[in-house]
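Numbering (UniProt numbering), first residue to last: 1 to 467.
The C-beta atom is built at its ideal place from N, Cα and C for all residues, glycine as well.
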Ligand code: URP
Ligand code: ZN
């Protein structure tokens, strides 16, 4: 057999227990005790360590053309960074072009990912064109080929109107898919942008103000209402506001299959970051909100109404963030000329697990939010998201005693700064295995470009808010 992980404490979403794990041909072969070491090619001693399933980041934007540039982590850099933070699967987004069949969009993007990814990956399809029956119907072909999740944007010029959103929701229910939504009120956002710019209000703070609590909250409520009308499941991505959290909670209490993702940046930072000298580095959509929203999200985590944590990893270089001061063409910039997005794929699992070390949540909850629930929600729990025989050996050895201060120098992506600079964590991943291959140990990436493979997910069916 390939690998024995011995003496550790196994933590899944539902259990914590002492046992050893035998790994063979990339899978968990057995969990138990009394394995003979001489039967294994490698032995990992996990004494005083936790043994966890690798995290599944349900929301990344690798090599995304956006904001006049391309996000600075490609599929290699992004997945390398993921591995070094204990994330063994990422879900990236493909944006369907006009007239492009959904599955063709996936193939176009997979041509890039398959040669570069160092850990496993899958896709959600960003809906760009459902103006014809043919385009709408092409959703089914994607589902049949293992991609059962779609995303609509209620903002941006490529976003969809409510009618198209509704059509996609209805279709998704019929074909066994789920729709994710980036919920912000586009019209109000555009109006506020114009107003602030006319008033000469150009700093990063006005990015937050033009996408404030109500701008997001209204869209969250509308998205939930559309899902109720269509009797379809809905996944609100990067939920960052209290109004949205309350709407999600109410809909779930009424029995609707409404799910919410939030991100570490919304749990840790508030809108105060936009007052910093380099507030522009924190510009992302949706922006960080007020303390009340931050607390509402933590409550949502504790009471089970936040289903997953993901990152919305979408890094840009500081020179690009500086376009908020001086644009590429040398003319004065403003908050609308800052590419939206921040790095985070390497910080998610360490941050959430450190909250468990600090006693804010349990380790089981951390694993549920970052691994087990994304696996169930996106239809890959027959392959990943837990530790049991037959599943992929995506395993993190976690040292709950290690003190770690986040610095960009210690990160493994391709960007040149991190919004997490200086944040101190108690507890950190010591090693990561991706399908049984060691891809990270003691601060070093040990994986290989191209070793990651495309994960095909099952069809989805939700009868209520439980997964
Ligand atoms: O700020 C973000 N999230 N950038 C990526 C594009 C998007 O809005 O999801
Ligand atoms: Zn995103």
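> Between the beta-carbon of residue 98 and the beta-carbon of residue 127, is there less than 9 Å?
Replying inline: On the chain shown, position 98 is the one that residue 98 refers to. On the chain shown, position 127 is the one that residue 127 refers to. No.
> Looking at C-beta atoms only, is the number of pairs between the segment 353 to 360 and the segment 60 to 70 that lie closer than 8 Å three or more?
Replying inline: no
>> In the DSSP output, what is residue 91 paired with across the bridge?
In response: For the purposes of this step, residue 91 is taken as the residue at position 91 of the chain shown. Residue 91 pairs with 122.
> Helix, strand or coil: how does DSSP classify residue 419 here?
Replying inline: As a first step, residue 419 must be located in the chain shown, where it is residue number 419. Three-state DSSP puts residue 419 in coil, outside helix and strand.
> For residue 284, is the classification buried or exposed, using 16 other Cβ atoms within 10 angstroms of its Cβ as the cut-off for buried?
Replying inline: Counted from its first residue, the chain shown places residue 284 at position 284. Label assigned to residue 284: buried.
> In this structure, what does DSSP give as the bridge partners for residue 55?
Replying inline: By 1-based counting over the chain shown, the position of residue 55 is 55. Looking at the DSSP assignment, residue 55 forms a beta bridge with 87.
> From what residue to what residue does the beta strand (DSSP E) around residue 300 run?
Replying inline: Residue mapping note: residue 300 aligns to position 300 of the chain shown, counting from 1. Segment 291 to 302 is the alpha helix (DSSP H) holding residue 300; no beta strand (DSSP E) there.
>> The beta strand (DSSP E) that contains residue 152, what's its start and end?
In response: Translated into the one-based positions of the chain shown, residue 152 becomes position 152. 149 to 153 is the span of the beta strand (DSSP E), which, as asked, contains residue 152.
> With DSSP run on the structure shown, which of helix, strand or coil describes residue 249?
Replying inline: As a first step, residue 249 must be located in the chain shown, where it is residue number 249. Three-state result, residue 249: helix.
> Is residue 312 near ligand 2, going by C-beta to nearest heavy atom under 8 Å?
Replying inline: What you label residue 312 is simply residue 312 of the chain shown in a count that begins at 1. Flag set: Cβ of residue 312 near ligand 2.
> Under the DSSP definition of a beta bridge, which residues are partnered with residue 45?
Replying inline: Locating residue 45 in the chain shown gives position 45, where the first residue counts as 1. Beta-bridge pairing links residue 45 to 6.
> When DSSP labels each residue in this structure, what does residue 63 get in the three-state scheme?
Replying inline: Walking along the chain shown from the start, residue 63 turns up at place 63. Coil at residue 63, not helix or strand.
> On the three-state DSSP scale, how would you describe residue 258?
Replying inline: As a first step, residue 258 is located in the chain shown; it is residue number 258 there, counting from the start. Residue state, collapsed to three classes: strand.
>> If distances are taken between C-alpha atoms only, which option among 448, 462, 465 and 458 comes closest to residue 117?
In response: In the chain shown, residue 117 corresponds to position 117, counting from 1. Per the Cα distances, 448.
> What is the DSSP secondary structure of residue 267, reduced to helix, strand or coil?
Replying inline: Counting from one through the chain shown, the residue named residue 267 turns up at place 267. Three-state result, residue 267: helix.
> On the three-state DSSP scale, how would you describe residue 217?
Replying inline: Here residue 217 is taken as the residue at index 217 of the chain shown, counted from 1. Reduced to three states, the DSSP call for residue 217 is helix.
> Can you name, in chain order, every residue of its own chain whose Cβ lies under 8 Å from the Cβ of residue 255, other than the five neighbours on each side?
Replying inline: Taking the chain shown and counting its residues from 1, the one referred to as residue 255 is at position 255. Closer than 8 Å at the Cβ level, and outside the excluded window around residue 255, lie 464 and 465.
> Just reading off the alpha helix (DSSP H) that residue 141 is part of, what are its end residues?
Replying inline: Stepping through the chain shown from its first residue, residue 141 is reached at position 141. Run containing residue 141: 133 to 144, per the alpha helix (DSSP H) assignment.
>> Considering only heavy atoms of ligand 3, does any lie closer than 8 Å to the CB of residue 149?
In response: Judged by which ligands are present, ligand 3 is missing from the structure shown, whose ligands are ligand 1 and ligand 2.
> residue 166: beta carbon under 8 Å from a heavy atom of ligand 1?
Replying inline: The sequence position of residue 166 within the chain shown is 166, counting from 1. Result no, Cβ not under 8 Å from ligand 1.
> ligand 1 heavy atoms versus the CB of residue 8: any closer than 8 Å?
Replying inline: The sequence position of residue 8 within the chain shown is 8, counting from 1. No, since every heavy atom of ligand 1 falls outside the 8 Å radius drawn around the Cβ of residue 8.
>> Quick check: the Cα distance between residue 136 and residue 288, rounded to an integer number of angstroms?
In response: Sequence index remark: in the chain shown, residue 136 carries index 136 (1-based). Sequence index remark: in the chain shown, residue 288 carries index 288 (1-based). So the alpha carbons of these two residues sit roughly 34 Å apart.
> Where does residue 129 sit, in a helix, a strand or coil, going by DSSP?
Replying inline: Residue mapping note: residue 129 aligns to position 129 of the chain shown, counting from 1. Note: residue 129 maps to coil in three-state DSSP.
> Is residue 93 near ligand 2, with its Cβ less than 8 Å from a heavy atom?
Replying inline: Here residue 93 refers to the residue found at position 93 of the chain shown. Yes, ligand 2 has a heavy atom inside 8 Å of this Cβ.
> So which of 199, 238, 205 and 143 has the shortest CA-CA distance to residue 181?
Replying inline: As a first step, residue 181 must be located in the chain shown, where it is residue number 181. Considering only alpha carbons, the answer is 238.
> Do residue 347 and ligand 1 come close, with the Cβ less than 8 Å from some heavy atom?
Replying inline: Residue 347 sits at position 347 when you count from the first residue of the chain shown. No, since every heavy atom of ligand 1 falls outside the 8 Å radius drawn around the Cβ of residue 347.
> residue 216 and residue 235: beta carbons closer than 9 Å?
Replying inline: Sequence index remark: in the chain shown, residue 216 carries index 216 (1-based). Sequence index remark: in the chain shown, residue 235 carries index 235 (1-based). No, these two residues do not count as a Cβ contact at 9 Å.
>> Under 8 Å, with one C-beta from each stretch per pair, do the segment 318 to 328 and the segment 295 to 309 reach the 3-pair mark?
In response: no
> Does the segment 272 to 283 come close enough to the segment 313 to 324 to have 3 or more Cβ pairs within less than 8 Å?
Replying inline: yes
> With 16 other CB atoms within 10 Å as the buried threshold, where does residue 274 fall?
Replying inline: Taking the first residue of the chain shown as position 1, residue 274 is located at position 274. Buried, because 16 or more other Cβ atoms sit within 10 Å of the Cβ of residue 274.
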